[in-house]
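Student: I'd like to ask you about the structure that follows.
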Amino acid sequence: MSELKKIDRRDFMRGAAAAGFVGATWAASGEKTEGTVWQLDPSKCTQCGRCATHCVLPTSAVKCLNQFNICGYCDLCFGYLQPGSRNRDTGAENQLCPTAAIKRTYIEAPYYEYLIDEDRCIGCAKCVNACMVFGNASFYLQIRQDICINCNECSIAKACPSDSFSEVPASKPYIYLTGDESTTKP
Ligand code: SF4
Ligand code: SF4
Ligand code: SF4
0 MSELKKIDRR DFMRGAAAAG FVGATWAASG EKTEGTVWQL DPSKCTQCGR
50 CATHCVLPTS AVKCLNQFNI CGYCDLCFGY LQPGSRNRDT GAENQLCPTA
100 AIKRTYIEAP YYEYLIDEDR CIGCAKCVNA CMVFGNASFY LQIRQDICIN
150 CNECSIAKAC PSDSFSEVPA SKPYIYLTGD ESTTKP
């Protein structure tokens, strides 16, 4: 079982209510525009790492996605492997991701598929940065709306140095790189 178990929203809300958090955040819900949710614009993100550390949830609601129509399915994936790693096997010591959240699967020579295990992903953006600098820039971050509790003021938005966050219509809660959700699925 994954050590980064997916957050159970009901469990969190019960805990948060007991801690007085919900009252502080949702009492002001009248000030929040109806029908909006928080989301980050991947074109503005500078991969600072605060998405992993500034969410109010125990494990961030921000997760990495892979845009498969951009991904090179590379053997030497810079988002997957440690810099300078000569060994391309799947040992945790060879992986860049601190939680081993990226699953590498052989397709056909010389191509590999890279899937994100969102239960393990903490939104640290290390893979996003490496893929952007050295690869095809197919990895990017998004707030997962089934995990996010849609705080009145998103604490990551307040900490984000690149002003990447905004409230978007709940009917269109994701900002995909190509504007097409289907391209995030293999
Ligand atoms: S806080 Fe902003 S710049 Fe930093 S990783 Fe998150 S979206 Fe990117
Ligand atoms: S490197 Fe960070 S953002 Fe990328 S999959 Fe791993 S935990 Fe998620
Ligand atoms: S709105 Fe709250 S739960 Fe959602 S990403 Fe921001 S801090 Fe985390």
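When we follow numbering that gives the first Met the number 0, the leftmost residue of the sequence shown carries the number 0, and every step to the right adds one.
Backbone N, C-alpha and C define an ideal beta-carbon position, used for all residues, glycine too.
Quick caveat: nothing in here was measured; it's all calculated off a predicted structure.
#1: Taking one C-beta from the stretch 69-79 and one from the stretch 118-136 each time, how about it: are there three or more such pairs within less than 8 Å?
#2: Out of Asn135, Cys123, Ala158, which one is the CA nearest neighbour of Gln141?
#3: In terms of DSSP beta bridges, what is Ser154 paired with?
#4: Only counting the same chain, and skipping five residues up and downstream in sequence, which positions put a Cβ closer than 8 Å to that of Phe20?
#5: By the 10 Å Cβ neighbour count, where 16 or more other Cβ atoms means buried, how is Gly134 classified, buried or exposed?
#6: Could you check what DSSP says for Ser181 in three-state terms: helix, strand or coil?
#7: Which ranges would you report for the beta strand (DSSP E) in the stretch 100-176 if only whole runs of at least 3 residues count?
#8: Would you kindly check if the distance between the Cβ of Lys62 and the Cβ of Glu117 is under 8 Å?
#9: Answer yes or no: the CB of Thr35 versus the heavy atoms of ligand 1, is any distance below 7 Å?
#10: With DSSP as the reference, please indicate the residues paired to Asn65 in a beta bridge.
#11: Any heavy atom of ligand 2 inside 7 Å of the beta-carbon of Thr98?
#12: Quick test of your reading: Tyr105 and Tyr111, contact by CB under 8 Å. State the CB separation rounded to the nearest angstrom.
#13: Check Thr35 in the structure and name its three-state DSSP category.
#14: Span of the alpha helix (DSSP H) holding Thr52?
#15: Using the beta-carbon count (16 or more within 10 Å), is Thr58 buried or exposed?
#16: With 16 other CB atoms within 10 Å as the buried threshold, where does Pro41 fall?
#17: Please classify Ala156: is it buried, with 16 or more other beta-carbons within 10 angstroms of its beta-carbon, or exposed?
#18: Please confirm whether any heavy atom of ligand 3 lies closer than 7 Å to the CB of Cys150.
Tutor: So, to answer that:
#1: yes
#2: Cys123
#3: BP columns for Ser154 are empty, so no partner.
#4: In this prediction, Phe20 scores a pLDDT of 36, lower than 50, which makes its location untrustworthy; the coordinate-derived value is nonetheless stated afterwards. Answer for Phe20: Val55, listed in chain order.
#5: buried
#6: helix
#7: For the stretch 100-176, the continuous beta strand (DSSP E) assignments of 3+ residues that do not extend past its boundaries occur at 101-107, 110-115, 138-142, 164-168, in sequence order.
#8: Taking 8 Å as the Cβ cut-off, Glu117 and Lys62 qualify as a contacting pair.
#9: no
#10: Phe138
#11: Yes, the beta carbon of Thr98 sits closer than 7 Å to at least one heavy atom of ligand 2.
#12: 6 Å
#13: strand
#14: 49-52
#15: buried
#16: buried
#17: buried
#18: yes
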